[in-house]
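Q: Position one of the sequence shown corresponds to residue 75 (my numbering), numbered consecutively onward. Yeah, the Cβ is synthetic: ideal placement off N, Cα and C, and Gly gets one too. Being a predicted model, the structure only gives us computed values, none of them experimental. This is the structure I have questions about; it appears just below.
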Amino acid sequence: MTSRNPILAIAALTLLTACPMDLPPPNDQVSDARSLMEGVHSASEEIKDARFKDVRLDYFGEKGRLSVRQLVLVSHPDRVRIQTYIPGFEGVAGVLACACGRFAYHDRRENVYYHGPSTARNVARVLPVGLSCEDLVHVMLGGAPHDRLNRAGGAPNLTWDRRTGRYRVTQTGSAGDDAGAKFELQIRHGDWRVAEMIVGDGEGGVRYKYTADRFETTDGHVLPTKRRFVVPATDEDFSLTVGETQINPELPDVLWHLAPPGGTPIRYIGPSLSPQPPPADGNLCSEGSEVQR
């Protein structure tokens with residue numbers, strides 16, 4: 075029977091839309107937090123390497139608005155290469171390479187070569203996502219920042235979020251810079267991809283929020299095509315939208331090499347008071363290299 079009273083119909087629709095979601099857990103629900111996180115880790119490691127083509131980085135923050143194109147390559151455990159293309163600049167504006175705990179970045183606009191440990195602070199020169207290269211690999215492959223969570227300490231706790239229909243993992247950091255920090259992850263059942271991560275300061279504030287959506291299946295692997303990062307303290311809001319994803323393209327080792335061009339100024343960025351030499355021949359995994367983190 076169709077209601078002849080439009081006011082009642084609108085009221086009924088309002089009540090329906092106002093009702094909170096109630097999504098029950100699956101029959102094969104995971105009940106142990108550590109087992110779930112191991113599953114998340116294994117799921118991203120099922121992909122050996124990946125090429126993300128035609129990536130659009132949209133940034134909004136204290137530096138204004140910016141939209142650039144990037145090519146992002148990742149490989150376990152911590153291999154990363156990012157090539158950035160900026161409107162109005164011919165060719166590649168900057169190249170970042172990570173491997174074996176080391177970082178190198180050639181800023182071609184300023185013609186400066188930077189190198190040092192592959193920390194989140196150094197990666198932020200190209201991709202300000204608050205992640206080390208090792209964690210960036212896992213996050214780009216749909217996973218979690220396991221290195222940061224392990225360094226933070228604390229035991230994970232697991233519940234089923236009936237509002238989102240996903241697992242909710244929480245953890246309170248007990249060590250280092252993340253002592254007292256509150257981590258909350260939303261994890262999808264079945265493909266074990268991280269859909270959201272919030273890092274709180276322990277006082278009700280948010281240090282950092284990451285969300286992933288537009289999940290698509292490529293070669294049997296589910297990955298997000300859009301990732302968004304929000305840092306309230308600096309009013310930074312930026313997103314990565316991937317145009318094309320290539321799974322396991324067998325990326326050669328030379329892609330993780332980055333040598334300083336002849337005559338280019340070299341700057342070491344790291345905790346050591348005495349500058350470290352740049353990687354020999356651009357090989358970040360050369361023997362005898364000491365990485366200080």
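Who are the near neighbours of V200 in its chain, counting only those whose CB is closer than 7 Å to its CB and skipping five residues on each side?
A: The residues are I156, T158, G168, L170, Y179.
Q: Where does A218 fall in DSSP's three states?
A: Residue state, collapsed to three classes: coil.
Q: Let's test the definition: count the other Cβ atoms within 10 Å of the Cβ of P353 and tell me whether it reaches 16, buried, or not, exposed.
A: It is buried - the Cβ of P353 has at least 16 other Cβ atoms within 10 Å.
Q: Rounded to a whole number of angstroms, what is the C-alpha to C-alpha distance between I343 and Q103?
A: Approximately 45 Å between the Cα atoms of the pair.
Q: With respect to the beta strand (DSSP E) encompassing G138, which residues constitute its N-terminal and C-terminal limits?
A: It spans 138 to 149 - the beta strand (DSSP E) in which G138 sits, taken as one unbroken run.
Q: Taking T244 as the reference, give the member of P326, T291, S149, E270 with the closest Cα.
A: Taking only the C-alpha atoms, the option nearest T244 is E270.
Q: Where does G190 fall in DSSP's three states?
A: Correct three-state label for G190: strand.
Q: In whole angstroms, what is the alpha-carbon distance linking D293 and R240?
A: Spanning the two alpha carbons is a distance of roughly 24 Å.
Q: Looking at C-alpha atoms only, which residue of G138, R182, R153, V142 is the closest neighbour of P334?
A: Ranking G138, R182, R153, V142 by Cα distance to P334 puts R182 first.
Q: Straight-line CA distance for G216 to P349?
A: Each residue's Cα considered, the two are about 35 Å apart.
Q: Going by other Cβ atoms of all chains shown within 10 Å of its Cβ, with 16 needed for buried, is N196 buried or exposed?
A: By the 10 Å Cβ count, N196 comes out buried.
Q: Report the residue from E136, R153, I160, F134 whose alpha carbon sits nearest the alpha carbon of R143.
A: Closest by alpha carbon: I160.
Q: In the DSSP output, what is A255 paired with across the bridge?
A: According to DSSP, which records beta bridges pairwise, A255 is partnered with nothing at all.
Q: Leaving out five residues on either side along the sequence, give the residues of the same chain with a beta carbon under 6 Å from the beta carbon of D309.
A: Here the set comprises G135.
Q: What runs of the beta strand (DSSP E), each 3 residues or longer, lie entirely inside the stretch 100 to 179?
A: Listed in chain order, the complete beta strand (DSSP E) runs (minimum 3 residues) inside the stretch 100 to 179 are 123 to 135, 138 to 149, 153 to 159, 168 to 173.
Q: Rounded to whole angstroms, what is the Cα-Cα separation between L332 and G204?
A: Distance between the alpha carbons of L332 and G204: 22 Å.
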